[in-house]
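K.L.:
Just so we're aligned: 305 in full-length UniProt numbering is position 305 of the sequence shown, and the numbers increase by one with no gaps anywhere.
Just passing along the structure, written as structure tokens.
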Amino acid sequence: MKRYIYILSLFWAIIMHVSAQNVTRLEYSIDAFVAEGKGTPLTITGDKTEVNSSFDIDISNLGTGVHSIYFRSMNQNGIWSFPVKKSFYIAEEPITEGIVAMEYSIDKRVKEGSGELIMFDEASNWINNKMDVDIAQLEAGIHNIYFRAKNKLGTWSLPASRAFVVVAPETAKVEKIFYRFFNEAYKGSWMTADVDPAQGQVDSTLATSVAALALEQQYSVEFFAQNDAGVRGLPAFYSPIDLRVNKAPQRLHNALSITVIAGKSGGIAMDTVFTDADFVYGDSLVYKIPNAGSIGLSVFSEWTSPSLLNIAPGEEHEGQYDFWIKATDIPWESDSVNVLLTVTSATGLYSKSRDKHFSIYPNPTKSFVTIKLHSNSLAADGYNLKLYNSMGQLLKTEYVNDPEHQLHFQDYAKGLYYIVLQNNAFRARQKILLK
1 MKRYIYILSL FWAIIMHVSA QNVTRLEYSI DAFVAEGKGT PLTITGDKTE
51 VNSSFDIDIS NLGTGVHSIY FRSMNQNGIW SFPVKKSFYI AEEPITEGIV
101 AMEYSIDKRV KEGSGELIMF DEASNWINNK MDVDIAQLEA GIHNIYFRAK
151 NKLGTWSLPA SRAFVVVAPE TAKVEKIFYR FFNEAYKGSW MTADVDPAQG
201 QVDSTLATSV AALALEQQYS VEFFAQNDAG VRGLPAFYSP IDLRVNKAPQ
251 RLHNALSITV IAGKSGGIAM DTVFTDADFV YGDSLVYKIP NAGSIGLSVF
301 SEWTSPSLLN IAPGEEHEGQ YDFWIKATDI PWESDSVNVL LTVTSATGLY
351 SKSRDKHFSI YPNPTKSFVT IKLHSNSLAA DGYNLKLYNS MGQLLKTEYV
401 NDPEHQLHFQ DYAKGLYYIV LQNNAFRARQ KILLK
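Spelled out as structure tokens, the structure:
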């Protein structure tokens, strides 16, 4: 009997945007999208808000070729998720027994019998062996290897190919990220994000426009990187991304602006922001406040009362932040408000270096800054210095134990940077403008 083993990972809290709801029913259908409750049920044991299990599904009656399987789940309130679709392939049974040889070629599909030959001592219908292939003479970049097999009758199979990457020396750095959106009905054009300066590893947030994408649909994102030698890497994929209509009043989509003094508390009245009659305290509320420099703002509290989102920034968080408050009161309907948050100093004005432990000057600068500690004991203890760009990418890190230290910017482009200083006695951040 042919069987298809499917590893299922449904993150219910993410798909439904409803927290703490147990999955009570899981069902599937093959090659047909059926109505809710009409699929074949799968057994779920225990109370689970997340299903990450293996299931054996009988596919013995299916013909060879490509098929699709659809999954959907229902929570304890009777609300169904959107279906998850995956494709799988059933191969034809071999006509004759016995693979006696294989051959391969690299970057070129050659005639039958003209590749690098690999003989087998015993004939078999399936080959699952490891083989060493010499790629020492290949240049860095993406290459293709082609395989074909021959049976006892001397018949060759169609070639199968796989791509692989020959990595450049460790001195190569990622210079560009290429990406595009796609789904079954849409293939977006490639977009480019520059990595400046080029880096060996990239771990940052990518901001991009989705204006060309249709709402109420799911999309995937395809990525690949290109280094400073022009060599491209293999693609990576991220999915799913759901685009939903914003149900918040149009006047609030980009109009909420808040100013909070560092060291004091401020708040957003939720009952004036979200006016839907069915929106009540306890519904799912999600928000994230990003910060250039990748410094976590743990002092920004959760939504703890029916009407107020409390915000209490510390002295080190002076600056501007752009974030979204998103509330989901009905599955797959989202109310989102864009917030511009300004954190000022105690005087209500932006200051330069206000920290009692150090001074950083000149700021703005054209080439370097001097970091001067105000205490010899702090210099004796030393501190860790980190430099970030405006995208939050870590550019440099070093340990300093001098009262005065110069940080040079000759290798960096003009723009906004963040210096983070930290030891056991203090932790502070300072914006630097490089002209």
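Positions of the beta carbon are idealized from the N, C-alpha and C atoms, including for glycine.
Keep in mind the model is a prediction, meaning the values are calculated, not measured.
1. Taking DSSP as the reference, what is the three-state secondary structure of A149?
2. Evaluate contact between the segment 122-135 and the segment 68-85, counting only Cβ atoms and requiring at least three cross-stretch pairs below 8 Å.
3. For E222 versus Y186, is the C-beta distance shorter than 8 Å?
4. Measuring only the C-alpha atoms, how far is N144 from R109?
5. Identify, in the order they occur along the chain, each residue of the same chain with its Cβ nearer than 6 Å to the Cβ of A193, setting aside the five sequence neighbours on each side.
6. Classify residue 437 as buried or exposed, calling it buried when 16 or more other Cβ atoms lie within 10 Å of its own Cβ.
7. Between R162, I135, G141, D56, which has its C-alpha nearest R148's C-alpha?
8. Can you name, in chain order, every residue of its own chain whose Cβ lies under 8 Å from the Cβ of I371, other than the five neighbours on each side?
9. Let's test the definition: count the other Cβ atoms within 10 Å of the Cβ of A425 and tell me whether it reaches 16, buried, or not, exposed.
10. Report all residues from its chain with a CB closer than 7 Å to the CB of N151; omit the five preceding and five following residues, and keep chain order.
11. If we count the other Cβ atoms within 10 Å of its Cβ and call it buried at 16 or more, is G238 buried or exposed?
12. What would DSSP say about A413, mapped onto helix, strand or coil?
13. From which residue to which residue does the beta strand (DSSP E) around K176 run?
14. Can you tell me the Cα-Cα spacing of F71 and L433, whole angstroms?
15. Count the other C-beta atoms from every protein chain shown that fall within 10 angstroms of the C-beta of Y89, then say buried if there are 16 or more, exposed otherwise.
16. Counting only the same chain and skipping the five closest in sequence on each side, list residues whose C-beta sits under 6 Å from that of A225.
17. Compute the Euclidean distance between the alpha carbons of V299 and I261, then round it to the nearest angstrom.
18. Would you decide whether Q137 is buried or exposed? Buried here means 16 or more other CB atoms lie within 10 Å of its CB.
19. Mapping the DSSP letters down to three states, classify D402 as helix, strand or coil.
20. So S105 packs on E112, CB below 8 Å; how close in whole Å?
21. Pick helix, strand or coil for D242, following the three-state DSSP scheme.
22. Starting from R162, trace the beta strand (DSSP E) in both directions and tell me its first and last residue.
23. Assign A123 to one of three DSSP states: helix, strand, or coil.
24. According to DSSP, Q430 sits in a beta bridge with which residue or residues?
25. With a threshold of 16 other CB atoms inside 10 Å of the CB of V23, please say whether the residue is buried or exposed.
26. For K431, does the count of other Cβ atoms within 10 angstroms reach 16, so buried, or fall short, so exposed?
27. Write down the C-beta distance between Y28 and T40 rounded to the nearest angstrom, noting that I regard them as a contact closer than 8 Å.
28. When the distance is taken between beta carbons, is Y417 closer than 8 Å to Y383?
29. For the ligand MG, is there a heavy atom less than 7 Å away from the beta-carbon of L433?
30. Counting along the chain, where does the beta strand (DSSP E) carrying E50 start and finish?
31. Between which two residues does the beta strand (DSSP E) harbouring N75 extend?
32. Given that a residue counts as buried once 16 or more other Cβ atoms are within 10 Å of its Cβ, and exposed if not, what is N227?
33. Tell me the rounded alpha-carbon separation between S124 and M102.
34. As a quick exercise: from F164, M119, E184, pick the residue whose alpha carbon is nearest that of G154.
35. Give me the Cα-Cα distance between S114 and A140, rounded to the nearest whole angstrom.
36. Could you tell me whether the Cβ atoms of S92 and T64 are closer together than 8 Å?
P.N.:
Taking the structure as given:
1. On the sequence shown, position 149 is the one that residue 149 refers to. Note: A149 maps to strand in three-state DSSP.
2. By the C-beta criterion, the segment 122-135 is judged not to be in contact with the segment 68-85, since fewer than 3 inter-stretch pairs fall below 8 Å.
3. Reading the sequence shown from its first residue, position 222 is the one you call residue 222. Reading the sequence shown from its first residue, position 186 is the one you call residue 186. Their beta carbons are not under 8 Å apart, which means E222 does not touch Y186 by this criterion.
4. Translated into the one-based positions of the sequence shown, residue 144 becomes position 144. Translated into the one-based positions of the sequence shown, residue 109 becomes position 109. Each residue's Cα considered, the two are about 9 Å apart.
5. Translated into positions along the sequence shown, residue 193 becomes position 193. Closer than 6 Å at the Cβ level, and outside the excluded window around A193, lie I177, L206.
6. As shown, the chain starts at 1 and ends at 435. That puts residue 437 outside it, with no answer to give.
7. What you label residue 148 is simply residue 148 of the sequence shown in a count that begins at 1. Ranking R162, I135, G141, D56 by Cα distance to R148 puts R162 first.
8. To locate residue 371, count along the sequence shown from 1; it is residue 371. Exclusion of the five residues before and after I371 leaves F358, S359, I360, L385, V400, E404, H405, Q406, L407, I419, L421 as the residues of its chain whose Cβ lies within less than 8 Å of its Cβ.
9. Here residue 425 refers to the residue found at position 425 when the sequence shown is read from its first residue. With a threshold of 16 other beta carbon atoms within 10 Å, A425 falls short and is exposed.
10. Your numbering for residue 151 matches position 151 in the sequence shown. Closer than 7 Å at Cβ, skipping near neighbours: T96, G98, I99, V100.
11. As a working note, residue 238 is residue 238 in the sequence shown. Residue 238 is actually Tyr in this sequence, not Gly. It is exposed - the Cβ of Y238 has fewer than 16 other Cβ atoms within 10 Å.
12. Here residue 413 refers to the residue found at position 413 when the sequence shown is read from its first residue. Looking at A413 - three-state DSSP - the assignment turns out to be coil, as it is neither helix nor strand.
13. Your numbering for residue 176 matches position 176 in the sequence shown. Per DSSP, K176 belongs to the beta strand (DSSP E) from 174-182.
14. Position 71 of the sequence shown, counted from the start, is the residue given in the question as residue 71. Position 433 of the sequence shown, counted from the start, is the residue given in the question as residue 433. Approximately 52 Å between the Cα atoms of the pair.
15. As a first step, residue 89 must be located in the sequence shown, where it is residue number 89. Exposed, because fewer than 16 other Cβ atoms sit within 10 Å of the Cβ of Y89.
16. Start at 1 with the first residue of the sequence shown, and residue 225 comes out as number 225. Apart from sequence neighbours up to five positions away, the residues of its chain that approach A225 with a beta-carbon distance below 6 Å are V174, I177, G233, ordered along the chain.
17. For the purposes of this step, residue 299 is taken as the residue at position 299 of the sequence shown. For the purposes of this step, residue 261 is taken as the residue at position 261 of the sequence shown. Unreliable placement is indicated for V299, whose pLDDT of 35 sits below 50; the coordinate value is still reported in the next sentence. In a straight line, the C-alpha of V299 is about 14 Å away from that of I261.
18. In the sequence shown, the residue the question calls residue 137 occupies position 137. Here Q137 is exposed: its Cβ has fewer than 16 other Cβ atoms, across all protein chains shown, within 10 Å.
19. Indexing the sequence shown from 1 puts residue 402 at position 402. Residue state, collapsed to three classes: coil.
20. To locate residue 105, count along the sequence shown from 1; it is residue 105. To locate residue 112, count along the sequence shown from 1; it is residue 112. With a Cβ gap of about 11 Å, S105 and E112 do not count as contacting.
21. Numbered from its first residue, the sequence shown carries residue 242 at position 242. Strand at D242.
22. Locating residue 162 in the sequence shown gives position 162, counting from the first residue. Residues 160-166.
23. Start at 1 with the first residue of the sequence shown, and residue 123 comes out as number 123. Look at A123 here: in three-state DSSP terms it is strand.
24. Taking the sequence shown and counting its residues from 1, the one referred to as residue 430 is at position 430. Paired residues: I419.
25. Counted from its first residue, the sequence shown places residue 23 at position 23. Under this definition V23 is a buried residue.
26. The residue you call residue 431 lines up with position 431 of the sequence shown. Buried, because 16 or more other Cβ atoms sit within 10 Å of the Cβ of K431.
27. As a first step, residue 28 must be located in the sequence shown, where it is residue number 28. As a first step, residue 40 must be located in the sequence shown, where it is residue number 40. About 6 Å separates the two Cβ atoms, so the contact holds.
28. Reading the sequence shown from its first residue, position 383 is the one you call residue 383. Reading the sequence shown from its first residue, position 417 is the one you call residue 417. No.
29. The model on display carries no ligand, and the ligand MG is accordingly not part of it.
30. Position 50 of the sequence shown holds residue 50. Its beta strand (DSSP E) spans residues 50-58.
31. Within the sequence shown, residue 75 is the residue found at index 75, counting from 1. Counting along the chain, the beta strand (DSSP E) containing N75 begins and ends at 65-75.
32. Position 227 of the sequence shown, counted from the first residue, corresponds to residue 227. The residue in question, N227, is buried, as its Cβ has 16 or more Cβ neighbours within 10 Å.
33. Within the sequence shown, residue 124 is the residue found at index 124, counting from 1. Within the sequence shown, residue 102 is the residue found at index 102, counting from 1. Cα to Cα, S124 sits roughly 12 Å from M102.
34. Your numbering for residue 154 matches position 154 in the sequence shown. When each option's Cα is compared against that of G154, the closest is M119.
35. The sequence position of residue 114 within the sequence shown is 114, counting from 1. The sequence position of residue 140 within the sequence shown is 140, counting from 1. Looking at the two C-alpha atoms, the distance is approximately 25 Å.
36. Counting from one through the sequence shown, the residue named residue 92 turns up at place 92. Counting from one through the sequence shown, the residue named residue 64 turns up at place 64. A small fix is needed here, since residue 92 is Glu in this sequence, not Ser. Against a cut-off of 8 Å, the Cβ pair of T64 and E92 comes out as a contact.
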